[in-house]
Amino acid sequence: MNSSKLIDGKAAAARVLQKVKQDVLMLKADHIQPALAVILVGEDPASQVYVRNKILRAEECGIRSIEYRLAADCPQARLLDLIAELNNDASVNGILLQLPLPGHIEETRALQAIDPGKDVDGFHSENVGGLSQGRDVLTPCTPTGCMYLLEQTLGDLSGKHAVVIGRSNIVGKPMAALLLKAHCSVTVVHSRSQDAKALCQLADIVVAAVGRPRMIDASWLKPGAVVIDVGINRIQDHDRSRLVGDVDFDAALAQVSAITPVPGGVGPMTIAFLMKNTLIAAQQQRQRALAHSQPQEAVCL
Ligand code: NDP
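All the letters of the sequence shown, read from the start, carry residue numbers 6 to 306 under the working numbering.
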C-alpha cells in the first residue's frame, strides 16, 4: 500500500488532543477547570460505548466530565429540566446530548434547549445559522475534524471544487457550509441527485457521508482527488465482520492523491473536536465573564 497517500486520522487526532491538553493546563493555571456534561437517555449499547469513549478522552485532556444517565422512559420534561439546570450551572462549559434519543422525546426540542454557548455538538439552530452566515460559532465535530484533515493535506482550500455526498444535518450540510466558508465551490449530492458519479468526477475534494459500504469506486474519482471517507459500515467479510467506508479504499488508492482509511481516518477526529469544542466553549465563557466584570467606562456626551 502507498502509505504516503494515507491521511492518518489517529495521528492528527492525537495532535489536536495534545494541544487541547496544553490549553486546558493554561486555563487551570487561572483556576478554571473546563467541564463537559454528557447526557445519555436509555441504554442503547452503541451510545454507551460512545459516551464511555468521550468521557475517557475528556479525562485524558484534563477536562472534567459529568455523566447523567436517564432511564429510557424518562419524561421529556425531566430531560428539559436537566438541560436547564446545566445551562445555569457556571461550572459546566459544554453539554452533549447523546443521540439517538428514545422515540417519545422530540430531538429538535431537546437540542434547542441547550444554551448555544454550551452546544459543543454545534446542533443548535443559532450555531447552524451562524455557520451558514460564516460566523465563528461552535461547529459539528465530525465535519470540523474533516476540515482539519483537508487543511493539513492541502493547505489553503480556496478555489477547490468539493463534492459532499450526503446532506444530513450532522455531517453533509455542515460539511458543505464549512467548505464554503473556506472558499471552496461546493456541490452537495444526495439520494435524489441525477448522475451523482458524473458530479463527483469533477471534484478536487470528495467527502463521502452516505452510509453505504464501498459505494464510491475509482471510476467516481478524478485523478489526484483528495478523499475524506466519513462512512462507517459494518460488513461481513468471509467469516468475520469488519468496518469499511463509503469509498472502495483499495480501488480508490491508485486514483487519488490522498485518502482517509476506515477505521483510523475521520472516526478519531470526531472525539478530538468534541474536546476542542469544550475548550473553546470554556474560553469563550471566560472571556464573556471577564468582559462583564470590567467596570463600564463613563459615556461622555
Ligand atoms: P444519514 O443517513 O443521515 O445521511 C445519509 C445521506 O446520504 C443522506 O443525505 C442521503 O440522501 C444520502 N444518500 C443515500 N443514498 C445515496 C446515494 N445512493 N447517492 C447519494 N447520496 C445518497 O447519515 P449520516 O450523515 O448520519 O452518516 C453518514 C455516514 O457517516 C454513516 O456511515 C455514519 O455511520 C457515518 N458517520 C461517521 C461519523 C464519524 O465519526 N466518522 C460521525 C457521523 C456519521 P437523502 O438526504 O436524499 O436521503
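Cβ coordinates follow ideal geometry from the N, Cα and C atoms, glycine included.
Cβ-based neighbour list, residue i, same chain, cut-off 8 angstroms, excluding 5 preceding and 5 following
i	result
Gln157	Ile12, Ala17
Gln289	Gly122
Leu154	Ile12, Gly14, Ala17, Ile233, Thr265, Gly270, Val271, Met274
Leu85	Arg114, Ala115, Ala118
For residue i, the first and last residue of its enclosing alpha helix (DSSP H)
i	result
Val21	14-34
Arg245	Premise fails: Arg245 lies in the beta strand (DSSP E), 245-249, not in any alpha helix (DSSP H).
Val133	130-137
Asn93	81-93
Ala213	Ala213 -> not in any alpha helix (DSSP H); beta strand (DSSP E) instead, spanning 210-213.
Leu159	146-159
Ala63	50-66
Residue i and residue j closer than 8 angstroms at C-beta
i	j	result
Pro218	Gln260	no
Ala115	Leu102	yes
Asn132	Ala40	no
Glu72	Val54	no
Val194	Val176	no
Ile221	Asp251	yes
Gly150	Phe278	yes
Arg62	Ile276	yes
Lys59	Ser262	no
Ala187	Leu207	no
Ser212	Met180	Here residue 212 turns out to be Val, not Ser, going by the sequence shown. Yes.
Ala214	Ser246	no
Cys146	His166	no
Met152	Leu185	no
Ala42	Leu91	yes
Leu106	Val191	no
Gln44	Leu104	Residue 44 is actually Ile in this sequence, not Gln. Not in contact: Ile44 and Leu104 (Cβ atoms no closer than 8 angstroms).
Val355	Leu248	The requested residue 355 is not part of the displayed model; the chain covers only 6 to 306.
Neighbourhood of residue i by C-beta, 6 angstroms cutoff - its chain only, sequence neighbours within 5 removed
i	result
Ala223	Ala256, Ala257, Gln260
Arg69	Gln38, Ala40
Check: residue i C-beta below 7 angstroms from any heavy atom of the ligand NDP
i	result
Asn238	yes
His195	yes
Ile264	no
Thr192	no
Asp215	According to the sequence displayed, residue 215 carries Val and not Asp. Flag set: Cβ of Val215 near the ligand NDP.
Gly269	no
Ser198	yes
Ala201	yes
Ser130	no
Ile12	no
Gly176	Here residue 176 turns out to be Val, not Gly, going by the sequence shown. True, at least one ligand heavy atom lies under 7 angstroms from that Cβ.
Arg140	no
Ile170	yes
Val125	no
Thr144	no
Val235	yes
Gly108	no
Thr275	yes
Thr113	no
Continuous beta strand (DSSP E) stretch holding residue i: start and end
i	result
Ala40	40-46
Asp242	238-242
Cβ shell of residue i (< 7 angstroms), same chain only, five flanking positions each side left out
i	result
Lys281	Val21, Val25
Cys66	Leu22, Val25, Lys26, Val29, Met280
heavy atom of the ligand GTP below 7 angstroms from residue i C-beta
i	result
Gly47	This structure lacks the ligand GTP; its bound ligands are the ligand NDP.
Cβ contact (3+ pairs, closer than 8 angstroms) linking the segment 71-85 and the segment 30-38: no
Contact between the segment 142-154 and the segment 107-120 (3+ Cβ pairs under 8 angstroms): For the pair of segments examined, the segment 142-154 was found not to touch the segment 107-120: the number of CB pairs separated by less than 8 angstroms stays below three.
Inter-stretch contact at 8 angstroms, needing at least 3 Cβ pairs: the segment 234-250 / the segment 198-207: By the Cβ criterion, the segment 234-250 is not in contact with the segment 198-207, since fewer than three pairs of Cβ atoms, one from each stretch, lie closer than 8 angstroms.
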